[in-house]
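Reading through the structure tokens given below for one structure.
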Amino acid sequence: MKFNWVIGGEAGFGIMSTGITFAKIVSRSGYHLLDYVEYPSLIRGGHNAYKVTIDSTPVHALKEAIDVLVCLNKATFDLHKQELTKDSVVVYDNEEFEIETGFIEVRVPFKKILREEQGQSIMKNTIALGASIAVVGGDLQILTDLIESQFKKKGEKVVDYNKLFIKKGYDSVVQNYKELCRSIIAPHPEPEEQLVMTGNDAFALGAVIGDCKFYCAYPMTPSSSVLTTLASWQQKAQMTVRHAEDEIAVINSAIGASHGGVRASVGTSGGGFALMVEAISLAGITETPIVVFLSQRPGPATGMPTWTEQGDLLFAVHAGHGEFPKIVLTPGDVDEMIRLTAEAFDLADIYQTPVIVMSDMFLSESHSTIPHANVNRLFASSKLNRGKTVSNPTDRPYLRYKVTDDGISERLIPGAKGHFYQANSYEHGEDGHTSETAEDRKAQVEKRNRKQKTYLTNHFKMPTVYGDLNSASAILVCCGSIKGVCLEVMNERKDTAVIHFTHVYPMDQKRLKVLFGSSNKHILVEQNSTSQLGSLLRQQTGIDIEKSILRYDGRPMAASEIIDQLC
Amino acid sequence: MLTKKRKFSGHTPTWCPGCGDWAIGGAIKEALANQDLDPSSVGVVFGIGCSGNMNDFLNAYAYHALHGRAIPTAVGLKLANHSMPTLVIAGDGDTYGEGGNHFFHACRGNHDLTIIVHDNGVYGLTTGQVAPTALKGTVSKSTPTGIIERSVSPLAFAISQGATFVAQSFAGDIPHMKEMIELGMRHKGLSLVNVLQPCVTFNRVNTYQYYLKKGYRLEAGYDPTSYSGALVKAIEMDEEKFPLGVIYQTKSTPYHEQVPAYQQGKPLAQIPRVSTLHDLIEEFR
């Protein structure tokens, strides 16, 4: 029953908040959703479109054809008419503009209602929400409950004012188009309690679950909402969130805080990450835990700030001069983002090295539903494994960089009486003092490198396999947010299977070679132009996949384009 | 006193004979010992350069950071554990050149750090290129026809951008350095101690003799609480006159006391994880 509702209008007129409100109604009615916002890097004047794909089962990928298109301006119709079918409903105001024929028209007198009720133009969204609920058979009560909690701080007057315009929009449709109203989101009698969140929200929540106490960032699309969300949680989560002067300060202060004993994290996109790279290397040699959230957008340089890509995979994997271990994770959806973020803080502490959690604009900014119970379960089961972090050392004298079999030394939180040490960005001996002897150099390089082996044995997770690899005629290989669209392909083409990497770097060559075998059915599906996951697989394991399906125009991958290329 | 001071002594320094860093290192240890601190109770973040090499010669909970980034590293360390006095020991190139942006914003934030800058006018560890503190026209390996830029005015810059304690001292005067560092550490908020430090190997201009001639102790009755008076004093450096002493001091709440977590009454590193997600989850329903 996959169903698509889309609203479009001029940027700066509340399209985003209308979209998220609609998404929450869908969730509270007991349905699943995935949404997507298309917007240029402008605050006012461009075109915004908000798409919500609804289903009774979890939504892995956006539906392409539009079922209901709400046009707050003419441009919305013009830009989206290609996605309409003869069964599509177009909601618009014929007093404002005319549309081409061939679709089901629902005329809502936005202008007239605003005139009669003396509403500001921003209230057009609110009328549209009411009208939308009527068209898809939603429960008006759920919407008014949401409006009440959203506006209660602003007082009863504002709540009533909003309710009035909702009612006007709703009634207008019910009175004039009763026969067109469908029951797409008729409330489920006992809906499972769900949360509606983006990948960025999920990272923020995962960070709190992982006991991140210090988050530092400089705003950069599409990672910025992690900063604003965590900043708004500072009191409740008892953490310190700092908007620093630049990304270099961001990561160095997080490393300083981590040295001081708190779990620390930073968030950015490609350009900001580029500025952080020297400090990634610093964390490598000083063996300071740090979690980096890297949400990709199309580059190079400023690129396309508000669009999506997976073009920084190899950059992340290779970030930092010199040789040191690093862990890169690529969660595929909101649920995995929460889990892997919490896990990232454990891994950073256990291996005392940088851990990069990757996202992209599509995962970072699209909302989807997740059962509330999943989050509670994860929080209850998360034990916070700090590895060999200690507040009092076992050995006297304490050796910060003691050479060990697993490569990991005790990390003493500064402040313990009777001890002191330095974390050193220069090469050093076991006690942390600078050393340039060949013996110390070799011993420390090898010690750090051993941490990678330990990780591969103890914490590396093989990619998740969906479907049956033996019977599949095509196996889609992917990492990160591409998982969703690949699962969608699997739903439609039962002869496909999916291999999805979450623990993308470093890779366990032996085990992966067994998994991939000698089959030539593998196809890389990536949101970049050079098949970076393919290169990484070759480099790390020798597995060479020839076929790839790539998209790099900034738009999220569609299931149909993958199916078309499957032959 | 001597034993207390000795506790801070690490490896034997590798500085050139006669380098001002020897005296600065000694003054820092004396200032720490005089406050009854020991190596377990002090946090120090070092920059990269001859001054930063003190990391091996001074015992403390230390972090030898990246060039230019000692200040942000120290900002994070202080926010994680505000109970620990935190020093930044770095050079003029590190602080006013590579890390200029961080210095600027640390002043604005009034972070409770004591920043001790070894101001020697050159990049010693890379064998003698000009620093941003070098006088206009200074000839060096990287500026064979003389540096085109004028020198930075670190004291005036710090005062105008929000530093709440700004002092200047001279590497030829250990008691004075010790006093300035100690006053800086006792001050709540960002304290800068700019130490004029002859580099005997690479700087033929700013010698001990030069500073003995051009430096002078602030006159009795000088009022360091006057913002405009301090700025007038601070820009004397542009005319090669070097006031020594506390140039500026004012009271203002440091950064770490203004973050919400400070209300918990203990360092961030000791605050446990939240016990419920209930309050955070509500906005996603």
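Protein sequences appear in the order of chains A and B. Under the numbering used here, the first residue of the first sequence carries the number 54, and numbering increases by one thereafter. Under the numbering used here, the first residue of the second sequence carries the number 578, and numbering increases by one thereafter. No residue lacks a Cβ here, since even glycine has one placed at the ideal position from N, Cα and C. Only a predicted model underlies this, so the values are computations on that prediction, with no experimental measurement involved.
Next item on the list: Select from the stretch 306-318 of chain A all residues with a C-beta closer than 8 Å to any C-beta belonging to chain B, and list them in chain order.
Entry: Ser306, Ala307, Ile308, Gly309, Ala310, Ser311, His312, Gly313, Gly314, Val315, Ala317
Checklist line | Residue-level contact to chain B via CB, aspartate 606 (chain A), 8 Å cutoff | finding: no
Note to self: Give me, in chain order, the residues of the same chain whose beta-carbon lies closer than 6 Å to that of serine 94 (chain A); leave out the 5 immediate sequence neighbours on both sides.
What the structure shows: Pro358, Thr359
Notebook entry, point to check: Using CA coordinates, which residue listed in A:Val121, A:Ala491, A:Ile107, A:Glu418 is at the minimum distance from tyrosine 145 (chain A)?
Noted result: A:Val121
Note to self: Does any residue of chain A have a CB that is nearer than 8 Å to the CB of aspartate 526 (chain B)?
What the structure shows: With chain B covering only 578 through 862, there is no way to say anything about residue 526 (chain B).
Check: Applying a beta-carbon distance threshold of less than 9 Å, which residues of chain B neighbour valine 261 (chain A)?
Finding: What valine 261 (chain A) touches in chain B: Arg850, Val851, Leu854, Leu857.
Check: Does the stretch 465-483 of chain A come within contact of the stretch 624-636 of chain B, defined as at least 3 CB pairs closer than 8 Å?
Finding: yes
Next item on the list: Measure the C-alpha to C-alpha separation of isoleucine 858 (chain B) and valine 836 (chain B) and round it to an integer number of angstroms.
Entry: 23 Å
Check: Can you find a CB in chain A that lies within less than 8 Å of the CB of methionine 661 (chain B)?
Finding: yes
Note to self: By the DSSP assignment, the beta strand (DSSP E) with glutamine 203 (chain A) in it spans what residues?
What the structure shows: No beta strand (DSSP E) contains glutamine 203 (chain A), which is instead part of the alpha helix (DSSP H) from 193-204.
Notebook entry, point to check: Anyone know if the C-beta pair for valine 410 (chain A) and leucine 382 (chain A) falls short of 8 Å?
Noted result: For valine 410 (chain A) and leucine 382 (chain A), yes; Cβs fall inside 8 Å.
Check: What do you reckon, are the CB atoms on threonine 361 (chain A) and aspartate 413 (chain A) nearer than 8 Å?
Finding: yes
Check: Quick check: the stretch 674-692 of chain B against the stretch 731-739 of chain B, are there 3 or more CB pairs under 8 Å?
Finding: yes
Notebook entry, point to check: If we count the other Cβ atoms within 10 Å of its Cβ and call it buried at 16 or more, is methionine 560 (chain A) buried or exposed?
Noted result: buried
Margin query: Restricting to Cα atoms, I'd like to know which of B:Cys684, B:Ile601, B:Gly822, B:Gly626 is closest to glycine 705 (chain B).
Written below: B:Gly626
Next item on the list: Taking all protein chains shown into account, decide if aspartate 365 (chain A) is buried (16 or more other Cβ within 10 angstroms of its Cβ) or exposed.
Entry: By the Cβ neighbour-count rule, aspartate 365 (chain A) is buried, with 16 or more other Cβ atoms within 10 Å of its own.
Notebook entry, point to check: Quick one: which chain A residues come within Cβ less than 7 Å of threonine 650 (chain B)?
Noted result: Asn305, Ser306, Ile308, Gly309
Check: Can you name the residues of chain A whose CB is closer than 9 Å to the CB of valine 836 (chain B)?
Finding: Annotation: Cβ neighbours of valine 836 (chain B) in chain A (cutoff 9 Å, chain order): Gln287, Thr293, Val294, Arg295.
Notebook entry, point to check: Does the beta carbon of phenylalanine 819 (chain B) come closer than 8 Å to any beta carbon on chain A?
Noted result: no
Next item on the list: Measuring only between beta-carbons, confirm whether asparagine 178 (chain A) sits less than 8 Å from chain B.
Entry: no
Notebook entry, point to check: For the candidate residues B:Asp613, B:Lys843, B:Ile758, whose alpha-carbon lies nearest to that of isoleucine 601 (chain B)?
Noted result: If we check each option's Cα against that of isoleucine 601 (chain B), B:Ile758 comes out closest.
Note to self: Does chain B have any CB closer than 8 Å to the CB of phenylalanine 267 (chain A)?
What the structure shows: yes
Notebook entry, point to check: Ordered along the chain, which non-local residues of its own chain (more than five positions away) have a Cβ less than 6 Å from that of proline 844 (chain B)?
Noted result: Asn658, His659, Ser660
Next item on the list: Give the DSSP bridge partners of glycine 61 (chain A), in chain order.
Entry: A:Ala102, A:Cys124
Note to self: phenylalanine 66 (chain A) and serine 202 (chain A) - do their beta-carbons sit closer together than 8 Å?
What the structure shows: For serine 202 (chain A) and phenylalanine 66 (chain A), no; Cβs fall outside 8 Å.
Margin query: Please identify the residue among B:Lys791, B:Ala637, B:Gly624 whose C-alpha is closest to the C-alpha of aspartate 669 (chain B).
Written below: B:Gly624
Next item on the list: Rank A:Val142, A:Thr341, A:Glu170, A:Thr154 by C-alpha distance to the C-alpha of alanine 187 (chain A) and give the top, closest one.
Entry: Among A:Val142, A:Thr341, A:Glu170, A:Thr154, the Cα nearest to that of alanine 187 (chain A) is on A:Val142.
Note to self: Strictly by DSSP, which residues pair up with arginine 295 (chain A)?
What the structure shows: A:Cys269
Next item on the list: Return the CA-CA distance between glycine 314 (chain A) and valine 212 (chain A), expressed in angstroms with no decimal places.
Entry: One C-alpha to the other measures close to 46 Å.
Next item on the list: Could you pull the start and end residues of the beta strand (DSSP E) that alanine 550 (chain A) belongs to?
Entry: 549-554
Notebook entry, point to check: Listed from N- to C-terminal order along the chain, which residues in the stretch 469-488 of chain A have their beta-carbon within a distance smaller than 9 Å of any beta-carbon of chain B?
Noted result: Ala469, Lys470, Gly471, His472, Phe473, Tyr474, Gln475, Ala476, Asn477, Ser478, Tyr479, His481, Gly485, His486, Thr487
Checklist line | Residues of the stretch 590-617 of chain B with Cβ closer than 9 Å to any Cβ of chain A, in chain order | finding: The stretch 590-617 of chain B vs chain A, Cβ under 9 Å: Asp615, Pro616, Ser617.
Check: From leucine 137 (chain A) to tryptophan 286 (chain A), what distance separates their C-alpha atoms?
Finding: 41 Å
Check: Tell me, which residues are paired with arginine 464 (chain A) by DSSP?
Finding: A:Thr442.
Checklist line | Where the alpha helix (DSSP H) containing arginine 862 (chain B) begins and where it ends | finding: Here arginine 862 (chain B) belongs to no alpha helix (DSSP H), and DSSP marks it neither H nor E.
Next item on the list: With distances taken Cα to Cα, identify the nearest neighbour of phenylalanine 150 (chain A) among A:Glu331, A:Lys134, A:Phe130.
Entry: Residue A:Phe130 holds the alpha-carbon nearest to the alpha-carbon of phenylalanine 150 (chain A) among A:Glu331, A:Lys134, A:Phe130.
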